[in-house]
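In what follows, a single structure is set out as structure tokens and then discussed.
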Amino acid sequence: MKIIKPISLIILSLLFIYKNLCPQDGPASYNEVIITGDYDIPDSPDWLHKAVIYQIYPQTFYDSNGDAIGDLPGIIEKLDYVKSLGVDGFWINPFFESPFNDAGYDVSDYYKVAPRYGTSDDARRMFDEAEKRGLKIL
179 MKIIKPISLI ILSLLFIYKN LCPQDGPASY NEVIITGDYD IPDSPDWLHK AVIYQIYPQT
239 FYDSNGDAIG DLPGIIEKLD YVKSLGVDGF WINPFFESPF NDAGYDVSDY YKVAPRYGTS
299 DDARRMFDEA EKRGLKIL
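According to the working numbering, the sequence shown is numbered sequentially starting from 179.
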């Protein structure tokens, strides 16, 4: 009996909140949305409209130096593999200097490659090698 009473109060509270605070016919935005199936493709290069893009998270993709952290030289080493997948390019997660509180998305310096991933020269070489293989990088 002791458990049933608090549970009953919770259920009654939730019902009161639902009944008194939620609109009965749904939010106005639900009533205003008309789904047509039409869409506009935003301005972008023509190749991107039908491109197949592979995602590379540098930290876990391929470690070239044995420190248990994937790196740009590791990505370069595997570019032929990426190309063999039949993709048009790859999206690479941030590899810039960062305190890494948000998986590298909290970039602190957009002009410096995070040392764990390599150097600016490694980044240039990755872009050059990808271009040689006809791979785009996003």
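Every residue, glycine too, gets a C-beta built ideally from N, C-alpha and C.
- For Phe268, the uninterrupted beta strand (DSSP E) run begins and ends at 267-270, by DSSP.
- The three-state reading of DSSP puts Ile213 in coil, since its state is none of H, G, I, E or B.
- Rounded to whole angstroms, the Cβ separation of Asp284 and Ser276 is 5 angstroms, and the two are in contact under 8 angstroms.
- When the alpha-carbon of Asp218 is set against those of Val211, Arg303, Glu210, His227, the nearest one is in His227.
- One Cα belongs to Gln237, the other to Ala246, and the distance between them is close to 9 angstroms.
- Under DSSP, the beta-bridge partners assigned to Gln233 are Trp269.
- Rounded to whole angstroms, the Cβ separation of Val260 and Leu313 is 7 angstroms, and the two are in contact under 8 angstroms.
- Boundaries of the beta strand (DSSP E) around Val291: 287-291.
- By the Cβ neighbour-count rule, Val211 is exposed, with fewer than 16 other Cβ atoms within 10 Å of its own.
- Annotation: Arg294 is outside any alpha helix (DSSP H) and is labelled neither H nor E by DSSP.
- When DSSP states are grouped into helix, strand and coil, Phe278 belongs to the coil group.
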